[in-house]
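Engineer: Protein sequence lines, in the order shown, are assigned to chains R and F.
Anchor point for the first sequence: position 119 equals 119 in this note's numbering, and the numbering is continuous, going up by one each time.
To convert, count from 1 in the second sequence and add 1000; that's this note's numbering.
For each residue, glycine too, the CB sits at the ideal point set by N, CA and C.
First the structure, which I've put down as structure tokens, then a few questions once you've had a look.
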Amino acid sequence: MGEERATLVLAEVTSSKNITGHTLELMGLGAKLAEQDQGRLRALVMGSGVGMAADELARHGAEKVYVADHPSLQSYHPELHLMVLKNLLAKEPFSILLAGHTSMAQDLLPRLAFQEGCGLVTDCVGVDMDVSSGQLLFHKPIFGGNAIASFAIKSLPRMVTVRARVGEPPEPSLSPGEIIYLEMGDPVETKMRITGRVAEERQVRLEEAPVVVSGGRGMGGPEGFQLLNQLAEVLGGAVGASRPPCDAGWVPSTSQVGITGKVVAPNLYIAVAISGASQHLSGMVESKKIVAINKDPEAYIFKVADYGLVGDWQEALPVFTSKLKECLQERG
Amino acid sequence: MELRMVVCVKQVPDPDGPPSSFQVNQETKRVTPQGIPPVISPFDENALEAALRIKEAVGGYITLLSLGRGFSKAVFLKAMATGADRLLLVEGNSLDPQALDSWSTARLLAAAIKRDGPYQLILTGRQAADTNAGQVGLGIAQLLGIPSISLAQKVEVVEGGLRVERVLPDGYEIVESPLPALVTVSHEVGELRYPPLPAIKAARSLPQDSLRLEDLGVNLLGNLLQLTRLAPPSRERTCVLMEGESPEEAAEKLALRLLEDKVL
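Written out as structure tokens, the structure reads:
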């Protein structure tokens, strides 16, 4: 019954209506899981004017792409998007539903899981097949990243939200899949109404920056973040923070790196005056290289860092920034 | 009519404890806290703060609801003393938070709320600090068939319902909903106020009720997830410390080393 064992990827689109990098990674991961599950890979994209995204999905391994294209789906609405998924699941059986651990899926998937009575594992950092039991295991950090739990899901479809950089983008396929436009009924009355959106601008998106420079409680106030901005500028990076500076209002809360803020994995993460609370570590520990600057030699952050400097950031940072600036300029 | 609010709170080991205080037992698949006190899960504290602000603005009656076992009286008294009106505990030896998945937890809480209600507003934290799942709040609302809004940074009760600022990756959106409704609260709401000492003493005389598992009619064997393995994280690296007579000297060495190792 190959037909009945499809893996469904819940795709998301960027503001320019392409599929997101995270979605591409899910297509790669989904292809692997579908293969182990002897099933097919399919995708669902919801939005307004998402034909181009559907084509991309069809060219990246989806045997079928379901498209829900309607002006009311332009931006995420819990009730409307839930209804599309509910209707699709009522028509087509799936064995796995894969979504990114994104703003949308963190809201949508719990609703769907409870609607359908299905088990859901959120914030997955890995998926693999347990050979002895033939079960798929979903790994996720619990207790703020102090333990990694592996779950099997007893209901179908198995629902999961996966962190960025867990899957690898697939090679484009030679024969594109079929694109199926879902029938959109008449617009419905929703109980909840979204009456406004307020954007808080930032220059480089934290999740995409190659370098992230973050400050912690030890920065002592908003002024110190000026030095971090200068360093980030020299390195073409973005500035983040652990939770205390955000709670204290020194920096916008959108700067928070951690299990409840942004999860980042840049080439270089520079942690300044951050002690290394678990909830922060969970948001940056996958970074390729980690530099820690802290005046407390016992700070836990040094245990997860590749390079460390024990000392006062107020003395170290200006020299560090100007030396890097000088050398990078010389290199051109 | 007085606004009836229920805030769901969970007792967890202090998530700000150092990593060494979370002992992972791979045999029993349990995390045992060592030398750290129990606290109310921080986002649940934010949810209580949101409820207190609503009570200040429009009045209301706040019931604090918790489910579990081995409750610390001191932890709940302190939370009650911030301005809650009543405590409702669902306590039982079989209610081990590490053995219940989101599905079971939400079903138990939804049953308790239904039995104890009606409520106009249910508040929860965005996720618990131990399971980090972020499902129970939205799950309760789905089971009760009421609207729910996640990740609130501001919650107001206005004419005709609820006005919530919901956190987005790059800003926020404004969501309006009729009551009854459920809101999951994020830390942007602000920290829970600290109760004055006399209030903590006075909190002892606030009404306290309890429900037993048998009162709820929920089967505990209904987990949809099966924990098959629990392991400590592998996150430690070997750190090269920069030596120097002064932080300035070490900083210069660090810059050169990063370039030499082609990190930059």
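1) Use the C-beta contact count for F/K1010: other C-beta atoms within 10 angstroms, 16 or more gives buried, fewer gives exposed.
2) Is R/G215 closer than 7 Å to R/A265 when the C-beta atoms are compared?
3) Which runs of the alpha helix (DSSP H) spanning at least 4 residues fall entirely within the segment 190-278 of chain R, listed in chain order?
4) Please report whether the beta-carbon of F/T1131 lies at a distance below 7 Å from any beta-carbon of chain R.
5) With distances taken from CA atoms, which of F/A1047, F/A1255, F/A1051 and F/Q1098 is nearest F/N1025?
6) So, helix, strand or coil for R/R5, using DSSP?
7) F/E1056 bridges to which residues according to DSSP?
8) I'd like to check one pair, F/R1086 with F/P1207: are the Cβ atoms closer than 7 Å?
9) Using 8 Å for Cβ pairs, my map puts R/V125 next to F/L1225. What's the rounded Cβ distance?
10) Contact criterion: CB-CB distance below 7 Å. Does R/M46 meet it with respect to chain F?
11) Is F/I1140 near F/A1106, with beta carbons less than 7 Å apart?
12) Considering only their Cβ atoms, is the gap separating F/A1084 from F/I1062 smaller than 7 Å?
13) With a threshold of 7 Å between beta carbons, is F/Q1135 in contact with chain R?
14) Take F/D1261 as the anchor and find which of R/A232, R/V291, R/Q256 and R/L108 has the nearest alpha-carbon.
15) Contact between the segment 65-82 of chain R and the segment 39-47 of chain R is defined here as three or more beta-carbon pairs at a separation below 8 Å; is this criterion met?
16) Within 10 angstroms of its Cβ, does F/M1001 collect 16 or more other Cβ (buried), or is it exposed?
17) For F/Q1135, count the other beta carbons within 10 Å of its own beta carbon; 16 or more makes it buried, fewer makes it exposed. Which is it?
18) State yes or no: is the beta carbon of F/G1125 nearer than 7 Å to at least one beta carbon in chain R?
19) Give every residue of the same chain whose Cβ lies closer than 7 Å to the Cβ of R/A11, excluding the five residues on either side of it in the sequence, and list them in chain order.
20) In terms of alpha-carbon separation, which member of R/I194, R/G308, R/V9 and R/K323 lies closest to R/E63?
21) Nearest by alpha-carbon distance to F/L1259: which of R/L324, R/N267 and R/V198 is it?
22) Indicate whether at least one CB of chain F lies closer than 7 Å to the CB of R/G308.
23) In terms of alpha-carbon separation, which member of F/A1057, F/Y1119 and F/L1241 lies closest to F/V1155?
24) Does R/T195 have its Cβ less than 7 Å from a Cβ in chain F?
25) Is R/Y269 buried or exposed, if buried means 16 or more other CB atoms sit within 10 Å of its CB?
26) Would a check of beta-carbon distances place R/L324 closer than 7 Å to chain F?
27) Give me the chain R residues within the contact set of F/E1173, using Cβ-Cβ distance strictly less than 7 Å, ordered along the chain.
28) On the three-pair Cβ rule with 8 Å, is the segment 1178-1185 of chain F touching the segment 1204-1222 of chain F?
29) Strictly by DSSP, which residues pair up with R/M129?
30) May I ask you to report which of helix, strand or coil DSSP gives R/D296?
31) Consult DSSP for R/T23 and reduce its assignment to one of helix, strand or coil.
32) Bridge partners of F/K1154, per DSSP?
33) At a CB-CB cut-off below 8 Å, which residues of chain F make contact with R/S155?
34) Beta-carbon of R/E346 versus every beta-carbon of chain F: anything under 7 Å?
35) Are the C-beta of F/G1070 and some C-beta of chain R separated by less than 7 Å?
36) Please list, in chain order, all residues of the same chain as F/A1111 whose beta carbon is under 6 Å from its beta carbon, the five residues on each side excluded.
Structural biologist: With the given structure in hand:
1) Looking up residue 1010 of chain F in the second sequence gives position 10. Sixteen is the threshold: when 16 or more other Cβ atoms of the shown chains lie within 10 Å of the Cβ of F/K1010, as they do, the residue is buried.
2) Working through the first sequence from its first residue, we reach residue 265 of chain R at position 265. Working through the first sequence from its first residue, we reach residue 215 of chain R at position 215. Not in contact: R/A265 and R/G215 (Cβ atoms no closer than 7 Å).
3) Unbroken alpha helix (DSSP H) runs of no fewer than 4 residues, entirely contained in the segment 190-278 of chain R, are found at 225-235 and 243-247, following chain order.
4) Working through the second sequence from its first residue, we reach residue 1131 of chain F at position 131. Closer than 7 Å to some Cβ of chain R, the Cβ of F/T1131 qualifies, so yes.
5) Walking along the second sequence from the start, residue 1025 of chain F turns up at place 25. With distances taken between Cα atoms, F/N1025 lies closest to F/Q1098.
6) Here residue 5 of chain R is taken as the residue at index 5 of the first sequence, counted from 1. Three-state result, R/R5: helix.
7) Stepping through the second sequence from its first residue, residue 1056 of chain F is reached at position 56. DSSP output for F/E1056 lists no bridge partner at all.
8) Taking the first residue of the second sequence as 1, we reach residue 1207 of chain F at position 207. Taking the first residue of the second sequence as 1, we reach residue 1086 of chain F at position 86. Less than 7 Å separates the beta-carbon of F/P1207 from that of F/R1086.
9) As a working mapping, residue 125 of chain R is identified with position 125 in the first sequence. As a working mapping, residue 1225 of chain F is identified with position 225 in the second sequence. About 16 Å; that fails the 8 Å criterion.
10) Walking along the first sequence from the start, residue 46 of chain R turns up at place 46. The beta-carbon of R/M46 is placed no less than 7 Å from the nearest beta-carbon of chain F.
11) Within the second sequence, numbered from 1, the residue matching residue 1140 of chain F stands at position 140. Within the second sequence, numbered from 1, the residue matching residue 1106 of chain F stands at position 106. F/A1106 is positioned such that its CB atom lies closer than 7 Å to that of F/I1140.
12) For the purposes of this step, residue 1062 of chain F is identified with residue 62 of the second sequence, where counting begins at 1. For the purposes of this step, residue 1084 of chain F is identified with residue 84 of the second sequence, where counting begins at 1. It is a contact, given that the beta carbons lie within the stated cut-off.
13) For the purposes of this step, residue 1135 of chain F is taken as the residue at position 135 of the second sequence. At least one chain R Cβ lies under 7 Å of F/Q1135.
14) As a working mapping, residue 1261 of chain F is identified with position 261 in the second sequence. It is R/V291.
15) Contact holds between the segment 65-82 of chain R and the segment 39-47 of chain R, because three or more Cβ pairs, one in each stretch, are under 8 Å apart.
16) One-based indexing of the second sequence puts residue 1001 of chain F at position 1. Under this definition F/M1001 is an exposed residue.
17) As a first step, residue 1135 of chain F must be located in the second sequence, where it is residue number 135. With 16 or more other Cβ atoms inside 10 Å of its own Cβ, F/Q1135 counts as buried.
18) As a first step, residue 1125 of chain F must be located in the second sequence, where it is residue number 125. Taking 7 Å as the CB threshold, F/G1125 stays off the interface with chain R.
19) The count along the first sequence starts at 1 and reaches residue 11 of chain R at position 11. Correct list, in chain order: I19, T23, A43, L44, V45, A53 and L57.
20) Residue 63 of chain R sits at position 63 when you count from the first residue of the first sequence. Looking only at R/I194, R/G308, R/V9 and R/K323, the smallest Cα-Cα distance to R/E63 is reached by R/V9.
21) Sequence index remark: in the second sequence, residue 1259 of chain F carries index 259 (1-based). Of all alpha-carbon atoms in R/L324, R/N267 and R/V198, the one lying nearest the alpha-carbon of F/L1259 is that of R/L324.
22) Taking the first sequence and counting its residues from 1, one reaches residue 308 of chain R at position 308. True, the Cβ-Cβ gap to chain F drops below 7 Å.
23) Numbered from 1 along the second sequence, position 155 holds the residue referred to as residue 1155 of chain F. Comparing Cα positions, the closest option is F/A1057.
24) Numbered from 1 along the first sequence, position 195 holds the residue referred to as residue 195 of chain R. At least one chain F Cβ lies under 7 Å of R/T195.
25) Walking along the first sequence from the start, residue 269 of chain R turns up at place 269. Looking at its Cβ environment, which holds 16 or more other Cβ atoms inside 10 Å, R/Y269 is buried.
26) Locating residue 324 of chain R in the first sequence gives position 324, where the first residue counts as 1. It does: the Cβ of R/L324 has a partner Cβ on chain F nearer than 7 Å.
27) Taking the second sequence and counting its residues from 1, the one referred to as residue 1173 of chain F is at position 173. Chain R residues near F/E1173: I194, G196 and R197.
28) With fewer than three CB-CB distances shorter than 8 Å, the segment 1178-1185 of chain F does not count as touching the segment 1204-1222 of chain F.
29) Your numbering for residue 129 of chain R matches position 129 in the first sequence. DSSP output for R/M129 lists R/L136 as bridge partner(s).
30) Locating residue 296 of chain R in the first sequence gives position 296, where the first residue counts as 1. In the structure shown, R/D296 falls within a coil segment according to DSSP collapsed to helix, strand and coil.
31) Here residue 23 of chain R is taken as the residue at index 23 of the first sequence, counted from 1. Here R/T23 sits in helix by DSSP.
32) The count along the second sequence starts at 1 and reaches residue 1154 of chain F at position 154. The partner list for F/K1154 (beta bridge, DSSP) reads F/E1165.
33) For this step, residue 155 of chain R is matched to residue 155 along the first sequence. Those are L1224, listed as they occur along chain F.
34) The shown model of chain R, from 1 to 332, leaves out residue 346 of chain R, and the question about it has no answer.
35) The residue labelled residue 1070 of chain F in the question sits at position 70 within the second sequence. Closer than 7 Å: no.
36) If you number the second sequence from 1, residue 1111 of chain F lands on position 111. For F/A1111, where only same-chain residues beyond five positions count, the Cβ hits under 6 Å are L1216 and V1218.
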